[in-house]
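Number of protein chains: 2
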Amino acid sequence: MEKINHYISIVNQAIDELSYNKEPKKLYEPIKYTLTLGGKRIRPALLLLANDLFGGKAVRAMNSALAIEVFHNFTLVHDDIMDDAPLRRGKTTVFKKWDTNTAILSGDVMFVNAIQLLAKDNNDKLADILAIFNKASVEVCEGQQYDMDFETLENVSIDDYLKMIELKTAVLLAASLKIGALIANAKQDDANHIYEFGRNLGIAFQLMDDILDLYGDPEKFGKQVGGDVIANKKTYLLLKAKELAKGETRKELEFCLTSTAIKPENKVERIKTIFNALGVKKAAIDEMNLFYNTAISHLDSIDAPEDKKKVFEDFAKQLMHREN
Amino acid sequence: MEKINHYISIVNQAIDELSYNKEPKKLYEPIKYTLTLGGKRIRPALLLLANDLFGGKAVRAMNSALAIEVFHNFTLVHDDIMDDAPLRRGKTTVFKKWDTNTAILSGDVMFVNAIQLLAKDNNDKLADILAIFNKASVEVCEGQQYDMDFETLENVSIDDYLKMIELKTAVLLAASLKIGALIANAKQDDANHIYEFGRNLGIAFQLMDDILDLYGDPEKFGKQVGGDVIANKKTYLLLKAKELAKGETRKELEFCLTSTAIKPENKVERIKTIFNALGVKKAAIDEMNLFYNTAISHLDSIDAPEDKKKVFEDFAKQLMHREN
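Protein sequences, first through last, are from chains G and E.
The first sequence begins at 1 in full-length UniProt numbering and counts up one residue at a time.
The second sequence begins at 1 in full-length UniProt numbering and counts up one residue at a time.
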């Protein structure tokens, strides 16, 4: 993890050096605010790590790494408006701190800035790298749209859900890795394998998120345990339960989902009881492991030094065993 | 004008052929709706015309022309949210017909689509063309921000105003022309001249807009004459009047701008009387002609067939003598 932490630290430094102290202030201040709010910087760090895997130098991929992070933050600024979210990383969101118009327009500029950063590194491979970036960008928007659609949709299948989290979360992780690989002149096969590693790991990561929401250790989770349950969020757990529940269990589930009389903490407990009876947690873990193992098999197929591949495997393992 | 009309018609046809009949529907239907609402298609037509000026074939610049039109429409979708505008080209705006979230996200996808279209035409010149496009994109956002800032700002100078309309309106026209020129392998000097032609013409065009709002023929204008005056919009006319008005005239102007007791039609008449006394219309026309003449002198400097340059001059003249 030392290498990843090193990359995270140089990404943070490079972000601080992006020049957003310019006019018009109302356009650029929210961008500076957003980018320095923190964040794990996982995507740019993975881009640099993939670049290193194929012998690339970080300095030649740095602007692309920043492009991914600026793009990711652009999606957060716009998503927070759509989700009416007051907080992001414990701080007031842009549209709450300023207003919706500011968040729309500052977000738009961040998107252009992302493309500008991407173009800086990649004169000879720009067309290929831009195509990967654009495809992921469209998919992230599609994922966000499906996520919003699902809120009001009665029947969402597990397949629909997996597709949604793939689009909304996994493809950008995958694209980051592939772009890093291509900048280092990786072979097309290897670039595709690292993409698939990222795509599958991203889906596994999101399933872990769903599991942690209800089964995480309250001391370590950092958020309210059962938040998704209280909000009737259509997570893998709930969708699987709806698929499996019959008879009395189904009635009890429907009651918990629709009754306004149950207190939140009771709702979490009753739904957890149903989930346990249906073996929903195990189903989620099995599904997650399926994606995790697929990710690892793509990593295994890559033609690169074993010690460097080990860094990716350790990172993947750590994601699967995290507690928040 | 025959050539321009030809290009407008093939642009319209190509827009109809863009495939937006896909899932998720809520993301793509608003895009199809926006792009088929109509619009003058001036920017893509000028891109094709500039391409033709330097001997390029329309078929090789078509995707770039579409890119500009999709980008322009993306800015309209987001601007309509920011301006709380119910109508665009006589039809309900996207955020009113669907909702704000839809308009944000569909707009975002349109932006990605614009970049994708741009990348289709331009493998060998992609970096240069993308740089021009990105610069214009950032500037359009900056222009929109200044425009919003000016609404609540007490003192806006004529220079600030000219800068704002340059950013919000003129640079995209200029960039369209330059991109068309570069696709046709124009020399850098000529590409810069056509850019400056577009930038200056764009500013002149916007000044004409300001003049027409108050001095247009009500029969031909198509909108309510004096709409800007009623809304206290900081146009060139009003800013010039504020700069020139002294003594009683200044008091009368301030009264008209702040009193809620005056009826709209009286307000238009009283402000028009002030403007006439101050010679504000003539000042605006002089300023407009300055930009127009600069535009034409850049056109004159271009090394290209005179008959083809004449098409641009005729087009520019027509813009300056329009009545709506």
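Each residue gets a CB set at the ideal place from its N, CA and C atoms; glycine is no exception.
Pull up the distance between the alpha-carbon of residue i and that of residue j, whole angstroms please.
| i | j | result |
| --- | --- | --- |
| I262(G) | V140(E) | 51 Å |
| D52(E) | A184(E) | 7 Å |
| T235(G) | K272(G) | 13 Å |
| I158(G) | K240(G) | 7 Å |
| L35(E) | T34(G) | 32 Å |
| T75(E) | S297(G) | 44 Å |
| S64(G) | K125(E) | 20 Å |
| N101(G) | H78(G) | 10 Å |
| R250(E) | A277(E) | 11 Å |
| M82(G) | I8(E) | 36 Å |
| S137(G) | K233(E) | 37 Å |
| I104(G) | I104(E) | 7 Å |
| E166(E) | N122(E) | 27 Å |
| A119(E) | L66(E) | 11 Å |
| M1(G) | R43(G) | 15 Å |
| S176(G) | A170(G) | 10 Å |
| G227(E) | A127(E) | 42 Å |
| Q318(E) | G180(G) | 51 Å |
| V156(G) | F150(G) | 7 Å |
| K246(E) | L153(E) | 21 Å |
| E287(E) | T92(G) | 45 Å |
| M62(E) | E17(E) | 12 Å |
| Y146(E) | S301(E) | 32 Å |
| L212(G) | I203(G) | 14 Å |
| E306(G) | D190(G) | 14 Å |
| I15(G) | R60(G) | 16 Å |
| Y161(E) | L49(E) | 29 Å |
| K308(G) | N200(G) | 19 Å |
| N21(G) | A85(G) | 26 Å |
| N289(G) | D217(G) | 20 Å |
DSSP on residue i, reduced to helix/strand/coil?
| i | result |
| --- | --- |
| K96(G) | helix |
| L87(G) | strand |
| S64(G) | helix |
| H321(G) | coil |
| S19(E) | coil |
| V138(G) | helix |
| R270(E) | helix |
| S297(E) | helix |
| D52(G) | helix |
| A261(G) | coil |
| V225(G) | coil |
| L153(G) | coil |
| R41(G) | coil |
| N5(G) | helix |
| D286(E) | helix |
| K25(E) | helix |
| G107(G) | helix |
| A245(E) | coil |
| T75(E) | helix |
| K234(E) | coil |
| N123(E) | coil |
I believe residue i touches residue j by the beta-carbon criterion, under 8 Å. Please report the beta-carbon distance rounded to the nearest angstrom.
| i | j | result |
| --- | --- | --- |
| V109(E) | L27(E) | 6 Å |
| K220(E) | N324(E) | 6 Å |
| F71(G) | A114(G) | 4 Å |
| V311(E) | N134(G) | Rounded, the Cβ-Cβ distance is 34 Å, inconsistent with contact. |
| I274(G) | L253(G) | 5 Å |
| L173(G) | L46(G) | 7 Å |
| A284(G) | A316(G) | Wrong, their Cβ atoms sit about 18 Å apart, outside the cutoff. |
| F291(E) | L207(E) | 7 Å |
| D58(G) | I10(G) | Position check: residue 58(G) holds Ala in this sequence, whereas Asp was assumed. That belief holds up - the Cβ atoms of A58(G) and I10(G) are roughly 7 Å apart, short of 8 Å. |
| M164(E) | G143(E) | 6 Å |
Take the Cβ of residue i as the centre, count every other Cβ of all protein chains shown within 10 Å, and call the residue buried at 16 or more, exposed below.
| i | result |
| --- | --- |
| R88(G) | buried |
| D210(G) | buried |
| K178(G) | buried |
| F54(E) | buried |
| S106(G) | buried |
| A186(E) | buried |
| H193(G) | buried |
| P30(G) | buried |
| Q224(E) | exposed |
| R322(E) | exposed |
Is residue i near the ligand MN, going by C-beta to nearest heavy atom under 8 Å?
| i | result |
| --- | --- |
| D314(E) | No copy of the ligand MN occurs in the structure displayed, which carries no ligand at all. |
* Counting only runs that start and end within the segment 155–217 of chain E, where is the alpha helix (DSSP H) found for 4 or more residues in a row? -> 158–165, 171–183, 188–215
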